[in-house]
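Peer 1: The structure under discussion is supplied below as structure tokens; questions concerning it will follow.
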Amino acid sequence: MTKRRVITFGTFDVLHMGHINILKRAKKEGDYLIVGVSSDELNFSKKNRNPVYSYKHRKKLIKSIKYVDKVFKEKSLELKADYIKKYKADVLLMGDDWQGKFDHFKELCEVIYLPRTPSISTTEIIEIVKQRD
Ligand code: CTP
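Residue numbers (our numbering): -15 to 117.
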């Protein structure tokens, strides 16, 4: 039987439980999990700050998670359709902070949004650490 391939995207900077939870739940939606990790440049353009950890480090961390089968660099938000096709994804899976925003990809693959883990984000962790100084 052919494997059901799930693709998801994110920066995954300052790895936290919200990231682990979504990757675990993403893997449960199929057999093979592909993760597009934002390049440092893409992260800057999305969040207007440099990531704490470089792409190289974030890639290494995500690759070492047991739910993840393949990691690649997401260079542009505009390339999602190309990545879905290139990696032959059957499912595009995103956190519900993106609810509805990727429905136009339903012509290429199934689109699933999962609820975010409450009360944790990279931005919040950075703010908490800053305030400790
Ligand atoms: N995510 C999640 N639950 C959280 C935080 C993130 O499910 N509490 C998911 C996002 O929905 C996304 C993936 O993890 O699918 C990567 O999110 P990312 O933007 O890298 O993490 P955030 O913590 O949301 O980062 P930031 O605060 O910088 O926006």
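Yeah, the Cβ is synthetic: ideal placement off N, Cα and C, and Gly gets one too.
Values in this document were obtained by computation on a predicted structure and should not be read as measured data.
Quick one: what does DSSP say Ser38 is sitting in, helix, strand or coil?
Peer 2: Your numbering for residue 38 matches position 54 in the sequence shown. Coil.
Peer 1: Could you check whether the segment 18 to 37 touches the segment 48 to 56, counting it as contact only if at least three pairs of C-beta atoms, one from each stretch, sit closer than 8 angstroms?
Peer 2: The segment 18 to 37 vs the segment 48 to 56: in contact.
Peer 1: If you scan the segment -8 to 77 from start to end, which runs of the alpha helix (DSSP H) of 4 or more residues do you find wholly inside it?
Peer 2: Fully enclosed alpha helix (DSSP H) runs of 4 or longer: 1 to 12, 24 to 31, 39 to 47, 64 to 70.
Peer 1: From Lys(-13), Thr(-8), Val113, Val75, pick the residue whose C-alpha is nearest to that of Leu61; which is it?
Peer 2: Taking the first residue of the sequence shown as 1, we reach residue 61 at position 77. Of Lys(-13), Thr(-8), Val113, Val75, the residue nearest in Cα terms is Thr(-8).
Peer 1: Around the Cβ of Ser48, are there at least 16 other Cβ atoms within 10 angstroms (buried) or fewer (exposed)?
Peer 2: For the purposes of this step, residue 48 is taken as residue 64 along the sequence shown, with counting starting at 1. Ser48 should be labelled exposed.
Peer 1: I need the straight-line Cα distance from Glu91 to Thr(-14), nearest angstrom please.
Peer 2: Residue 91 sits at position 107 when you count from the first residue of the sequence shown. Residue -14 sits at position 2 when you count from the first residue of the sequence shown. Distance between the alpha carbons of Glu91 and Thr(-14) is about 20 angstroms.
Peer 1: Going by the beta-carbon positions, is the gap between Leu77 and Glu13 smaller than 8 angstroms?
Peer 2: Translated into positions along the sequence shown, residue 77 becomes position 93. Translated into positions along the sequence shown, residue 13 becomes position 29. Contact flag set, yes.
Peer 1: Alpha carbon to alpha carbon, how far is Phe89 from Val75? Give it in angstroms, no decimals.
Peer 2: Translated into the one-based positions of the sequence shown, residue 75 becomes position 91. Translated into the one-based positions of the sequence shown, residue 89 becomes position 105. C-alpha separation (whole angstroms): 10 angstroms.
Peer 1: With distance defined between alpha-carbon atoms, name the residue in Tyr97, Lys72, Ile68 nearest to Trp82.
Peer 2: For this step, residue 82 is matched to residue 98 along the sequence shown. When each option's Cα is compared against that of Trp82, the closest is Tyr97.
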